[in-house]
Amino acid sequence: MSSYIVRRLIMMIPVVILISIIVFFIIQLPPGDFISGYAAKMTTSGEVMDEAALKLLRESYGLDQAWYVQYGKWIWGMISKGDFGYSLNYNRPVSSIIGQYMSLTLVVSIISMLFTYAVSIPIGIFSAVRQYSIADYIFTAFGFIGMATPNFLMAIILMYLSYVYVGDPMLGLFSPEFIDAAWTYAKFVDFFKHMIIPVIVIGLGSTAELIRVMRAQMLDEMDKPYMLTARSKGLSERRIIMKYPVRAAINPIVSTLGWSLTAVFTGSTITAIVLNLPLQGPVMYRALLSQDMYLAGTWLLFMAVCIVLGTLISDILLVWLDPRIRMRKGM
Amino acid sequence: MSKKLGLASAVLLLAMTAIMGCTANNNAAPTNSESASPSESVSPSASPSASTAGSGDYKEAPMLQELVKAGTLPAVDQRLPVKADVMIEPVFESIGKYGGEWRNPWNGPDDKWGIEMMTEEPMFRFKQDGSGVEPNVAKSVDVNADSTEFVIHLRQGMKWSDGMPFTADDVVFYWEHMLIPETFGKALYDCYYSIDPATGEKERAEVTKVDDYSVKVAFKHSSVQFLERLTIDNKWFFAPAHYYKTILPEFIGEDKALEVAKEYGFADTKTLGQWTGYYYWLYPQRPTLRPWVATNDATGNRFIMERNPYYFKTDAEGQQLPYMDRIVLDKMQDPSHKLVETLAGNVDISQFSFADYTVLKENEQKGGYRVIPWTTPNWSSTGVQLNQTAEDPKLRKLFQDIRFREALSVAVDRNEVSEIITSGVGVPAQAAVPASLPGHQDGWDKQWTEFDAAKAEKLFDEIGLKWDGNHKYRTFDDGSNLSLLIYEEKGSDDEKFIELLRKYYDQAGIKTELKIVDQGSYFDLKYANKIPVAVKTVSLVDVALRPDELVPLRVITPWFGHYGLYTSSGGKEGVKPEGDVALILEYWDKVKSAKSKEEITKWSNEIIKLHQKNQWMIGYTAATPYLTVVKNNVKNVPALVNADEFRGIGIAHPQQFYFE
């Protein structure tokens with residue numbers, strides 16, 4: 001088992017390096033660079049940006065060099081000093097920006113992930129066991145609506161309702177008076193109130209999907225002969241369901257668990273923009289738009305590492321969960 | 001137990017401050033009504049009237065009073081300049097009272113100019129009626145007869161926001177160590193050069209210290225407009241020497257400066273100089289003269305600017321300004337968030353473009369705010385510019401043909417544009433200098449405005465444009481395809497207008513294409529001369545003060561394309577201006593080397609007249625107002641002109657805004 005993990009870890013290295021090169025190259029593909037966008041913005045605000053000023057800016061940010069030179073410097077800084085470079089947008093080290101948004105991103109993502117699992121797995125099981133019951137139809141209908149509605153649209157609808165009925169669109173994660181305050185009970189309550197919309201919106205899409213997956217898997221398993229065996233043994237229905245088909249049906253969910261690692265670290269992007277949440281997603285989105293390549297590059301690289309790692313974690317989890325896989329791999 | 005005690009004492013403290021705040025406000029309140037009328041009559045000329053209110057007993061904000069009592073801050077009369085040099089800021093409606101937070105969301109440091117304008121304290125500032133400049137940070141100025149020597153007097157005893165004295169040394173330091181060596185990454189501003197009328201050569205000014213509170217700026221040739229140009233080019237003609245001596249490599253060595261740069265989060269000392277030197281108001285460490293100063297990291301989710309205890313202005317009753325305690329800028333990722341928050345009543349004072357007029361008006365009652373329309377110096381609200389140096393030679397010839405511009409102008413029904421695009425607020429009109437601005441020409445806004453499809457057709461025929469096989473679209477006279485490529489900048493809110501425009505051009509037989517690009521690409525395309533047709537207007541108060549949009553001096557305004565590059569590169573690149581465009585540049589040289597205001601007015605008028613004759617920018621409807629949205633409990637917000645030259649909302653003097 002451990003030799004398998006080590007082998008997988010070593011294989012990750014060339015993959016990540018390749019990804020980093022592609023990422024850095026692609027970020028710079030669109031016409032123009034960070035400075036042209038920045039200069040355009042400052043010109044609209046009335047600042048004078050002539051050729052000389054542009055040249056000076058490009059030089060000071062090192063944008064006058066070829067992309068592979070910039071890439072080399074970036075990677076070298078990362079390997080030799082653990083320095084991920086400077087964000088052009090923020091004029092600050094990339095690591096400090098990512099750090100600034102990390103904790104809230106993790107909180108929001110993990111809560112919405114827990115919400116997703118807590119809601120979808122029981123409902124999935126229930127609608128499989130009570131297939132074609134009224135409740136199943138209702139859940140199915142909700143599931144389809146949830147899957148078909150884009151997250152951001154749902155966010156806008158909920159914001160509108162909140163504005164009309166509560167008088168506050170509930171933007172952000174805190175009310176203004178709590179943004180800078182230390183954590184208190186009142187701040188926690190406020191945070192909780194502001195979390196309702198994001199969690200529902202971010203969670204709903206995947207909840208609907210998971211319900212469907214869970215239900216389909218369950219239905220597959222329920223016809224299996226081992227169910228008949230278990231029943232003939234006289235086990236209670238509840239035990240049968242929880243012990244056999246659920247365990248088998250949860251496989252596809254576990255195998256995708258690792259992939260959600262990236263989602264956990266990014267937080268959702270479009271929803272976060274619509275709701276003005278201070279998460280990583282919007283920061284990254286802006287970095288990509290403005291070609292702030294060290295920030296965007298570091299981030300995409302980080303995502304790549306997460307995906308590779310996540311796949312590994314999923315595999316390990318599956319092996320642990322499902323004896324059939326363990327046997328086949330001979331571990 | 002100790003926790004409980006701490007909480008209790010905190011509550012007690014809070015209650016105490018609240019009570020003290022109330023009493024302080026009560027003290028100030030009764031005097032309001034008495035002085036309201038005389039203060040209104042004070043004209044906004046900044047002649048430092050020696051008659052300060054009362055016995056020189058100044059009043060200060062409760063939050064500062066606390067600090068004085070605690071002994072951490074000197075008394076208010078020691079913080080203000082000497083009595084005769086305190087600047088008394090006239091209030092718009094009534095004497096205000098202290099307190100409150102001005103909530104005004106922003107988009108983070110990208111919006112730095114917005115907060116800059118709100119808090120700006122320039123050496124000289126434009127008067128509220130726009131008729132010229134008046135001293136602001138400066139106390140007064142002496143100008144000699146031929147406008148070659150300007151002696152700027154400063155205020156005695158005035159202090160930076162950290163309490164250090166502000167003197168002539170700070171001006172000379174700024175000149176010698178920041179402007180000349182280009183520490184903050186900008187070339188020395190044009191206003192510091194005088195022009196030799198004979199040769200047209202530029203001569204740099206000399207800046208010297210006369211005494212602790214006066215500085216002399218000496219030019220070789222007359223520089224009639226130096227003060228106005230200074231106010232536009234280099235608003236803050238000073239910098240805290242004592243601060244920069246602790247961070248710039250020149251003074252502390254490259255290694256030490258790099259350490260400082262890293263501390264601030266910058267990669268190198270160059271960026272440190274650029275950002276703390278130019279965008280200085282974002283850095284809490286950097287002392288300023290502004291009414292509010294930065295208190296925390298501007299890249300965070302909430303940027304707070306707090307009152308400057310050493311601010312040099314009072315109201316007519318000796319209350320030290322500003323009235324409001326803080327400006328609170330919450331970060332919003334999308335402009336629509338600011339709108340939504342405003343509708344919900346969570347924004348105190350903010351500005352919006354006309355596009356949001358309807359929704360703001362609809363929710364006025366619910367949001368508890370009022371919409372104050374400000375005028376703008378825009379020539380039009382729906383403008384089209386044809387690049388006179390378009391890359392394609394056939395297109396360039398066509399665009400330079402005045403008949404083509406006239407045809408495009410009369411091919412559109414302006415009434416419909418006015419109704420659909422501006423809800424009728426922007427009346428049908430040609431792009432022209434608005435009334436009340438220098439250079440206004442009678443009747444210009446009626447030039448080529450009558451909707452007349454037959455006339456357009458006739459003009460196209462005269463130019464020699466042929467019809468294609470289906471008699472649907474015009475072609476060049478050699479039968480080759482004619483199509484106007486319109487570029488739209490993403491986020492410019494012009495979709496509806498462009499759609500309408502294309503419909504009318506289409507009807508007139510002119511094929512159009514539309515490409516939407518982001519701001520950065522648009523900027524690059526402009527530099528590469530790749531934009532044939534742009535949907536943009538121009539906005540300026542006076543061509544003599546800000547010529548960029550009307551005189552091709554550098555690449556910026558789409559209509560003159562690479563004529564601008566020709567001037568800025570000294571004739572090495574770009575397209576050589578000919579005809580009336582060359583004439584504009586000639587007149588501009590005359591403006592620059594003028595010896596009197598009359599001469600300047602005369603030649604700038606000539607430039608405007610050439611614009612009237614040629615109508616390089618076509619406009620379909622007159623300018624629409626810019627919207628200043630103010631909560632009902634905020635007072636002293638006037639309706640003025642919103643122009644970059646006047647620093648946006650800054651000209652309303654935000655330090656005298658207050659909460660009722």
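Chains A and B supply the protein sequences, listed in that same order.
So that you can map any letter, position 85 of the first sequence is 85 in UniProt numbering, and since no number is skipped, the others follow by simple counting.
So that you can map any letter, position 87 of the second sequence is 87 in UniProt numbering, and since no number is skipped, the others follow by simple counting.
The beta carbon of each residue, even a glycine, is placed where N, CA and C say it ideally should be.
Check your understanding: Exposed or buried, what is Gly469 (chain B) when buried is set at 16 or more other beta-carbons lying within 10 Å of its beta-carbon?
Key -> exposed
Review point. Between B:Asn605, B:Asp190, B:Lys635, which lies nearest to Leu583 (chain B) when the distance is taken from Cα to Cα?
Key: It is B:Asn605 whose Cα lies nearest to the Cα of Leu583 (chain B).
Point to revise | Under 8 Å between C-beta atoms of Phe451 (chain B) and Leu465 (chain B) | key: Going by C-beta atoms, Phe451 (chain B) is not nearer than 8 Å to Leu465 (chain B).
Check your understanding: Which of the three DSSP states, helix, strand or coil, is assigned to Met324 (chain B)?
Key -> Residue state, collapsed to three classes: coil.
Check your understanding: Phe24 (chain A) and Met293 (chain A): beta carbons closer than 8 Å?
Key -> yes
Exercise for review: Identify which residue in B:Ala344, B:Pro284, B:Asn296, B:Asp518 has its Cα closest to the Cα of Val629 (chain B).
Suggested key: The shortest Cα separation from Val629 (chain B) among B:Ala344, B:Pro284, B:Asn296, B:Asp518 belongs to B:Ala344.
Check your understanding: Just to confirm, are Thr449 (chain B) and Arg403 (chain B) a CB contact at a threshold of 8 Å?
Key -> no
Point to revise | Per-residue burial, Phe251 (chain B) [other beta carbons within 10 Å of its own, 16 or more giving buried] | key: Here Phe251 (chain B) is exposed. Its C-beta has fewer than 16 other C-beta atoms within 10 Å.
Practice item. Identify every residue that forms a DSSP beta bridge with Asn378 (chain B). Key: Per DSSP, B:Ser539.
Point to revise | Neighbour-count burial assignment, Ala261 (chain B), 16 or more Cβ in a 10 Å radius | key: buried
Point to revise | According to DSSP, residues forming a beta bridge with Pro373 (chain B) | key: B:Leu627
**Study point:** Residues near Tyr504 (chain B) by beta carbon distance below 8 Å, same chain, minus five either side
**Key:** Ala411, Val412, Asp413
Review point. Is Glu457 (chain B) near the ligand NAD, with its Cβ less than 7 Å from a heavy atom?
Key: Looking for the ligand NAD in the displayed structure turns up nothing, as the structure carries no ligands at all.
Review point. Which residue comes first and which comes last in the alpha helix (DSSP H) that contains Met617 (chain B)?
Key: Premise fails: Met617 (chain B) lies in the beta strand (DSSP E), 617-619, not in any alpha helix (DSSP H).
Point to revise | Beta-carbon gap between Arg204 (chain B) and Tyr243 (chain B) smaller than 8 Å | key: Against a cut-off of 8 Å, the Cβ pair of Tyr243 (chain B) and Arg204 (chain B) comes out as no contact.
Check your understanding: Which chain B residues sit within Cβ distance under 8 Å of Leu171 (chain A)?
Key -> Met332, His337, Val340, Glu341
Point to revise | Three-state secondary structure (DSSP) of Ser140 (chain B) | key: strand
Practice item. Kindly confirm or deny that the region 261-271 of chain B and the region 622-636 of chain B touch, where touching means at least three C-beta pairs closer than 8 Å. Key: Touching, no, given that fewer than three Cβ pairs across the two stretches are closer than 8 Å.
Exercise for review: Tell me whether the beta-carbon of Leu329 (chain B) lies closer than 8 Å to the beta-carbon of Phe312 (chain B).
Suggested key: no
Review point. When the Cα atoms are used, what is the spatial distance from Ala454 (chain B) to Thr148 (chain B)?
Key: One C-alpha to the other measures close to 57 Å.
Check your understanding: If you draw a straight line from the C-alpha of Ala241 (chain B) to the C-alpha of Phe657 (chain B), how long is it?
Key -> 31 Å
Check your understanding: Among B:Tyr527, B:Ile498, B:Lys256, which has the Cα closest to the Cα of Ile516 (chain B)?
Key -> In this structure, B:Ile498 is the residue among B:Tyr527, B:Ile498, B:Lys256 with its C-alpha nearest to the C-alpha of Ile516 (chain B).
Review point. Any idea if Glu206 (chain B) is buried or exposed, counting beta-carbon neighbours within 10 angstroms, 16 or more meaning buried?
Key: Exposed, since its Cβ has fewer than 16 Cβ neighbours within 10 Å.
Practice item. Say whether chain A places a C-beta atom closer than 8 Å to the C-beta of Asn32 (chain B). Key: Per-residue confidence for Asn32 (chain B) stands at a pLDDT of 36, beneath the threshold of 50, marking its modelled position as unreliable; no derived number is given.
Review point. What do you get for Glu660 (chain B), buried or exposed, if any count of 16 or more other CB atoms within 10 angstroms of its CB means buried?
Key: exposed
Practice item. Give the DSSP-derived three-state secondary structure of Asn387 (chain B) in the structure shown. Key: In this structure, DSSP gives Asn387 (chain B) a state outside helix and strand, which the three-state scheme calls coil.
Review point. Which of the residues in the region 208-227 of chain B, read from start to end, lie with their CB under 8 Å from any CB of chain A?
Key: Cβ contacts with chain A: none found.
Review point. For the alpha helix (DSSP H) that contains His611 (chain B), what are its first and last residues?
Key: 597-614
Check your understanding: What are the partner residues of Val533 (chain B), as DSSP defines its beta bridges?
Key -> B:Leu386, B:Ile486
Review point. How big is the Cα-Cα spacing for Tyr61 (chain A) and Val86 (chain B)?
Key: 43 Å
Exercise for review: Going by CA-CA distance only, name the one from A:Met49, A:Asn276, A:Phe302, A:Glu237 that's closest to Val129 (chain A).
Suggested key: A:Glu237
Practice item. Report the three-state DSSP secondary structure of Glu573 (chain B) (helix, strand or coil). Key: coil
Review point. Below 8 Å between beta carbons: does that hold for Leu289 (chain B) and Phe124 (chain B)?
Key: no
**Study point:** Counted within 10 angstroms of its Cβ, other Cβ atoms place Pro14 (chain A) as buried (16 or more) or exposed
**Key:** exposed
Exercise for review: Evaluate the contact criterion for the region 391-405 of chain B versus the region 438-446 of chain B: three or more CB pairs, one atom per stretch, below 8 Å.
Suggested key: no
Review point. Per DSSP, what kind of secondary structure is Met87 (chain B) in: helix, strand or coil?
Key: strand
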